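There are 2 protein chains.
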Amino acid sequence: MPQPALRGPIEVVGTGLLGTSIGLACRRQGLEVLLSDVSTEHVRTASGLGAGRPRLPEDRPQLVVVAVPPAYLGEAIAQALAAGDAVVTDVGSIKSGPLADVAQLAGIERYVGGHPMAGSERSGPLAATAALFDGRPWAVTPHETSAPDAVALVEELARLCGAVPVRLSPQEHDKAVARTSHVPHLLSVLVAARLTQAPPEHLALSGQGVRDVTRVAGGDPALYRQIVGANAAAVLSLLGEVRDQLDDVIDAVSSADGAALEAVLAQGVAGTRAIPGKHGGPARPMRAVFVSVPDHPGELARLFADAGASEVNIEDVRIDHDPGRPVGLVELSVEESRADHLLSSLESRGWVTHR
Amino acid sequence: MPQPALRGPIEVVGTGLLGTSIGLACRRQGLEVLLSDVSTEHVRTASGLGAGRPRLPEDRPQLVVVAVPPAYLGEAIAQALAAGDAVVTDVGSIKSGPLADVAQLAGIERYVGGHPMAGSERSGPLAATAALFDGRPWAVTPHETSAPDAVALVEELARLCGAVPVRLSPQEHDKAVARTSHVPHLLSVLVAARLTQAPPEHLALSGQGVRDVTRVAGGDPALYRQIVGANAAAVLSLLGEVRDQLDDVIDAVSSADGAALEAVLAQGVAGTRAIPGKHGGPARPMRAVFVSVPDHPGELARLFADAGASEVNIEDVRIDHDPGRPVGLVELSVEESRADHLLSSLESRGWVTHR
Numbered sequence: 001m002p003q004p005a006l007r008g009p010i011e012v013v014g015t016g017l018l019g020t021s022i023g024l025a026c027r028r029q030g031l032e033v034l035l036s037d038v039s040t041e042h043v044r045t046a047s048g049l050g051a052g053r054p055r056l057p058e059d060r061p062q063l064v065v066v067a068v069p070p071a072y073l074g075e076a077i078a079q080a081l082a083a084g085d086a087v088v089t090d091v092g093s094i095k096s097g098p099l100a101d102v103a104q105l106a107g108i109e110r111y112v113g114g115h116p117m118a119g120s121e122r123s124g125p126l127a128a129t130a131a132l133f134d135g136r137p138w139a140v141t142p143h144e145t146s147a148p149d150a151v152a153l154v155e156e157l158a159r160l161c162g163a164v165p166v167r168l169s170p171q172e173h174d175k176a177v178a179r180t181s182h183v184p185h186l187l188s189v190l191v192a193a194r195l196t197q198a199p200p201e202h203l204a205l206s207g208q209g210v211r212d213v214t215r216v217a218g219g220d221p222a223l224y225r226q227i228v229g230a231n232a233a234a235v236l237s238l239l240g241e242v243r244d245q246l247d248d249v250i251d252a253v254s255s256a257d258g259a260a261l262e263a264v265l266a267q268g269v270a271g272t273r274a275i276p277g278k279h280g281g282p283a284r285p286m287r288a289v290f291v292s293v294p295d296h297p298g299e300l301a302r303l304f305a306d307a308g309a310s311e312v313n314i315e316d317v318r319i320d321h322d323p324g325r326p327v328g329l330v331e332l333s334v335e336e337s338r339a340d341h342l343l344s345s346l347e348s349r350g351w352v353t354h355r
Numbered sequence: 001m002p003q004p005a006l007r008g009p010i011e012v013v014g015t016g017l018l019g020t021s022i023g024l025a026c027r028r029q030g031l032e033v034l035l036s037d038v039s040t041e042h043v044r045t046a047s048g049l050g051a052g053r054p055r056l057p058e059d060r061p062q063l064v065v066v067a068v069p070p071a072y073l074g075e076a077i078a079q080a081l082a083a084g085d086a087v088v089t090d091v092g093s094i095k096s097g098p099l100a101d102v103a104q105l106a107g108i109e110r111y112v113g114g115h116p117m118a119g120s121e122r123s124g125p126l127a128a129t130a131a132l133f134d135g136r137p138w139a140v141t142p143h144e145t146s147a148p149d150a151v152a153l154v155e156e157l158a159r160l161c162g163a164v165p166v167r168l169s170p171q172e173h174d175k176a177v178a179r180t181s182h183v184p185h186l187l188s189v190l191v192a193a194r195l196t197q198a199p200p201e202h203l204a205l206s207g208q209g210v211r212d213v214t215r216v217a218g219g220d221p222a223l224y225r226q227i228v229g230a231n232a233a234a235v236l237s238l239l240g241e242v243r244d245q246l247d248d249v250i251d252a253v254s255s256a257d258g259a260a261l262e263a264v265l266a267q268g269v270a271g272t273r274a275i276p277g278k279h280g281g282p283a284r285p286m287r288a289v290f291v292s293v294p295d296h297p298g299e300l301a302r303l304f305a306d307a308g309a310s311e312v313n314i315e316d317v318r319i320d321h322d323p324g325r326p327v328g329l330v331e332l333s334v335e336e337s338r339a340d341h342l343l344s345s346l347e348s349r350g351w352v353t354h355r
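As they're listed, the protein sequences go chains F and V.
According to full-length UniProt numbering, the first sequence is numbered sequentially starting from 1.
According to full-length UniProt numbering, the second sequence is numbered sequentially starting from 1.
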């Protein structure tokens with residue numbers, strides 16, 4: 001391993017959720033962090049949380065992390081490049097647009113885009129945490145003239161924050177998030193929008209499936225309008241594909257062509273299998289174990305204590321949300337080879353499992 | 001409360017997951033259950049599990065529950081109506097088609113359709129459980145000539161199985177499940193299908209959102225082909241709306257009309273809020289509490305034991321699945337008024353929470 005080149009100070013411009021979390025993560029590693037924001041109150045809050053200290057005019061940062069709202073990214077990156085000789089990165093969710101804004105500036109070789117795949121439904125410095133990036137992918141998006149040392153420094157920042165750097169060109173990044181984030185969001189919205197017109201007795205039949213499909217549609221319209229708008233080309237290309245395949249589905253259902261419909265459904269199954277497994281490794285065979293749990297305090301605790309005593313690692317948990325249920329149905333995902341052991345172990349402790 | 005009219009025997013035709021589960025639930029209440037199936041092995045298995053005994057020619061059931069695959073529903077309902085004077089119901093996921101098949105038969109006033117909103121990714125009698133229907137909606141779908149006593153008997157079956165009867169006409173039922181189940185499934189498939197064409201380094205940026213949106217797309221294509229095909233009219237009507245609104249989205253993104261895009265996004269938010277809350281009651285204000293949990297056996301147990309000790313009821317759990325994460329981020333949903341208490345309580349026990 002080469003000696004770490006990232007020694008600080010690190011300036012964080014914009015002390016919202018992401019900026020303050022980066023400050024906290026860098027401070028956790030003992031690096032000096034300088035904070036700036038148009039809101040002095042945000043700087044005070046972030047500083048009070050231990051994310052760093054306010055930047056002074058004589059400070060000379062080694063790395064500047066721009067964490068401002070999408071509309072101000074280009075301007076803030078340009079200012080950071082002009083202010084000294086620091087390497088500059090940002091955490092914006094779209095990469096081509098901000099790069100185009102600054103591509104002709106002096107010092108552009110010191111700019112390397114970034115995008116940590118982390119967030120929260122909350123915003124602002126009070127929602128920040130040093131652990132926000134632990135194990136998350138962090139896209140690092142060098143452009144053609146980015147200096148290799150600058151790229152290495154930004155990747156080191158990602159690792160130092162606990163994330164896993166994933167190197168992509170700005171254009172590839174934008175295509176990737178259109179596919180894995182923006183288009184899923186928009187189709188989730190189209191499903192959810194249909195629910196606004198339904199009588200309550202129809203919605204009474206809602207199960208877990210529609211709840212899962214529509215969860216992300218609850219995100220802030222003002223924010224997603226900006227994100228989708230800034231990635232229009234990549235989003236439109238995929239929406240065109242969706243439209244074509246939607247027409248295929250409509251044709252197949254209209255003409256009762258079951259084989260054509262099944263071919264599309266099978267492609268969906270293949271898509272779910274293409275998503276990488278937990279921890280980036282290959283997907284291990286998992287099995288769901290179902291247990292009835294009374295819906296009051298302590299029962300889940302008792303279940304997990306009993307599951308823990310059986311030495312089986314629980315990879316995922318889902319609690320059934322259907323209406324009217326006095327007893328919850330809890331689904332524990334475990335490695336297939338451990339499921340029978342877990343079932344017997346829970347049953348021997350008096351749990352009602354569903355084999 | 002009137003005296004229960006459902007005294008048995010109940011015949012279950014088709015001893016797969018649903019039929020056997022109904023047998024187990026009725027036996028749990030002490031009712032006599034008669035089992036029949038074209039597969040004598042399934043009957044033997046279901047009987048061995050305690051779901052009832054094989055039906056004999058001289059048996060005279062009070063209620064027949066038809067739980068056969070979609071393609072055989074009409075025929076099995078007709079046979080049950082002709083075989084005696086029992087009330088007949090079924091558990092098929094589409095209601096208009098089977099009714100049309102039998103509407104002209106003698107005794108049709110004794111038929112009342114049903115559809116428990118319960119299932120499992122597994123099938124067959126071995127996957128059955130008496131608890132499958134606990135607290136689930138169970139659609140009861142009388143037609144125009146269904147006898148009131150027959151309707152009451154089927155609603156009593158639903159309650160006896162622990163479910164909550166929801167009365168709808170067959171046509172309303174089919175429209176409702178098109179909206180809450182079939183169309184969400186198809187759009188989930190369209191999102192998942194896009195992932196099959198993506199390079200692995202793009203999929204490395206997959207977060208929880210796309211995993212949620214695409215989960216149901218993993219369902220069996222052969223089964224969903226039948227279900228969607230049998231509900232073509234209601235599905236097509238909604239897919240037409242989706243197509244129109246998809247065109248609106250494409251137009252808004254193409255022409256950079258942010259206000260038009262935001263209006264669609266806002267309708268999505270409204271749709272997520274229209275889904276009824278847990279236990280059918282009004283949605284209570286909830287808050288998410290985030291905790292870092294090392295990814296090995298026993299840690300979740302310890303977390304839930306500590307949460308249980310704080311006397312806060314955990315309404316939902318979500319474990320972050322992002323790749324590369326050595327520490328899991330666990331999201332606990334609790335009533336808003338209890339969140340701060342839970343956070344302090346967990347922190348005092350050494351947990352790293354994310355405020």
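Quick reminder that beta carbons are idealized off the backbone N, C-alpha and C, glycines included.
Keep in mind it's a predicted model, so treat the numbers as computed, not measured.
Could you name the residues that DSSP lists as bridge partners for residue i?
i      : result
F/W138 : F/P116 and F/P165
V/S345 : Partner(s): none; V/S345 has no beta bridge.
F/T89  : F/V65
F/H182 : Note: F/H182 sits in no beta bridge, so no partner.
F/L303 : Paired residues: none, contrary to the question.
V/Y111 : V/V88
V/E201 : Paired residue(s): none; V/E201 is not in a bridge.
V/V317 : V/L332
V/A193 : According to DSSP, which records beta bridges pairwise, V/A193 is partnered with nothing at all.
Mind reading off the beta-carbon distance from residue i to residue j? Whole number of angstroms is fine, and I expect it under 8 Å.
i      : j      : result
V/H341 : V/F290 : The pair is not a contact, with the Cβ atoms about 16 Å apart (cut-off 8 Å).
V/G84  : V/R53  : At roughly 18 Å, the Cβ-Cβ gap does not stay under 8 Å, so V/G84 and V/R53 are not in contact.
V/V235 : F/V253 : 6 Å
F/I77  : F/N231 : At roughly 18 Å, the Cβ-Cβ gap does not stay under 8 Å, so F/I77 and F/N231 are not in contact.
V/T180 : F/L17  : Not a contact, Cβ separation roughly 33 Å.
F/P184 : V/V210 : 5 Å
F/A139 : F/H115 : 4 Å
V/A131 : F/V352 : 6 Å
V/A274 : F/L186 : Contact flag wrong, Cβ pair sits at about 19 Å.
V/V135 : V/A25  : Before going further, note that residue 135 of chain V is Gly rather than Val in the sequence given. Incorrect: roughly 12 Å between the Cβ atoms, too far for contact.
F/L265 : V/P221 : 4 Å
Taking all protein chains shown into account, do 16 or more other C-beta atoms lie within 10 angstroms of the C-beta of residue i, making it buried, or fewer, making it exposed?
i      : result
F/V154 : buried
V/P148 : exposed
F/V317 : buried
V/P200 : exposed
V/Q197 : exposed
F/R27  : buried
V/D247 : exposed
V/E11  : buried
F/P276 : buried
F/Q267 : buried
F/G14  : buried
Spatial neighbours of residue i within its chain, please: C-beta separation below 6 Å, excluding the five flanking residues on both sides.
i                      : result
residue 415 of chain F : In this structure chain F extends from 1 to 355, so residue 415 of chain F is not present and cannot be described.
V/R349                 : D306
V/G193                 : First, the amino acid is wrong: residue 193 of chain V is Ala here, not Gly. There are no such residues.
V/T214                 : S188, V191 and A192
F/P9                   : E32, L34 and P61
F/V164                 : P137
Starting from the C-beta of residue i, find all residues in its chain whose C-beta is less than 7 Å away, skip the five residues before and the five after it, and write them out in chain order.
i      : result
V/V88  : V64, V66, I77, A80, L81, R110 and Y111
V/L99  : G113, H143 and P170
V/T145 : I108 and E109
Can you give me the Cβ contacts of residue i inside the same chain, cut-off strictly under 8 Å, excluding the 5 residues immediately before and after it?
i      : result
V/Q29  : L160
F/A86  : E11, R60, P61, Q62, L63, V64, A80 and R110
F/A176 : A139 and L168
V/E262 : none
Within 7 Å: the Cβ of residue i and any heavy atom of the ligand HEM?
i     : result
V/V88 : This structure simply doesn't include the ligand HEM, nor any ligand for that matter.
Quick one: does residue i have its CB under 8 Å from some CB of chain B?
i      : result
F/P142 : Checking the listed chains, one finds no chain B in this structure; the protein chains it contains are F and V.
Could you pull out every unbroken beta strand (DSSP E) segment of at least 3 residues lying fully inside the stretch 10-74 of chain F, listed in chain order? 10-13, 33-36 and 63-66
Within the stretch 213-282 of chain F, note down every full alpha helix (DSSP H) run reaching 4 residues or more, in order along the chain. 221-230, 232-254 and 258-274
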